[in-house]
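Trainee: For the sequence shown, our numbering begins at 204 and goes up steadily by one. Heads up, the beta-carbon is just placed ideally off N, CA and C, and yes, glycines get one too. Dumping the structure here so I can ask a few things about it.
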Amino acid sequence: MTTKKILVPIDGTERSMHSLNFIKENYSPDKVELHIINVKELVFIDGISMSDEIKTSEKNGRELLDKARDVVSEFKTDASFTFGYAGDEIVRHAEELGIDIIVMTKSTKKGLTRIIGSCTAYVLKHAKCTLVIIPE
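Here you go:
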């Protein structure tokens, strides 16, 4: 029996949590190893990022990951929080972890990049594994 490694990026929106529900509905916990990631993009003003914002962002990100892990508690799951550009970090984590499938939820905006989201479009172009895009 082969275990699939699935990466699920979440951003704190209810929409992104739909990816976890998709996994619960379509995969057996004994055949999947989940990796959940939350990426916080830092905004620098005059080359400086506020340290309080960094601390708050990490705390909020880790709380979000705990909430996500609770949703899929029946699955073997690990979680990562990182700073950076979301698309780059998702692709990097997928390669480092040997991910088989990335599951992301599409954007609610119009137009091709807006339909799937700019981050999802980036992952679609650069990931070397299967990408599943979930409608909201």
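1) Count the other CB atoms, across all protein chains shown, that sit within 10 Å of the CB of Lys331; report buried if there are 16 or more and exposed otherwise.
2) Do you know how far the Cα of Ala297 is from the Cα of Glu244?
3) Given a threshold of 16 other Cβ atoms within 10 Å of its Cβ, counted over all protein chains shown, does Ser166 qualify as buried or as exposed?
4) Per DSSP, Asn241 forms a beta bridge with which residues?
5) Inspect the beta-carbon positions of Leu268 and Ile305 and report whether they are closer than 9 Å.
6) Rank Ile257, Ser276 and Asp214 by C-alpha distance to the C-alpha of Val235 and give the top, closest one.
7) What's the gap between the Cα of Tyr288 and the Cα of Val242?
Mentor: In this structure, then:
1) To locate residue 331, count along the sequence shown from 1; it is residue 128. The residue in question, Lys331, is exposed, as its Cβ has fewer than 16 Cβ neighbours within 10 Å.
2) Start at 1 with the first residue of the sequence shown, and residue 244 comes out as number 41. Start at 1 with the first residue of the sequence shown, and residue 297 comes out as number 94. Spanning the two alpha carbons is a distance of roughly 18 Å.
3) No statement about residue 166 is possible, as the shown extent of the chain runs from 204 to 339 and does not include it.
4) Taking the sequence shown and counting its residues from 1, the one referred to as residue 241 is at position 38. Answer is Phe284.
5) Here residue 268 corresponds to residue number 65 of the sequence shown, with the count starting at 1. Here residue 305 corresponds to residue number 102 of the sequence shown, with the count starting at 1. No. Outside cutoff.
6) On the sequence shown, residue 235 is found 32 positions in, with the first residue counted as 1. Nearest C-alpha to Val235: Ser276.
7) Locating residue 288 in the sequence shown gives position 85, counting from the first residue. Locating residue 242 in the sequence shown gives position 39, counting from the first residue. Looking at the two C-alpha atoms, the distance is approximately 7 Å.
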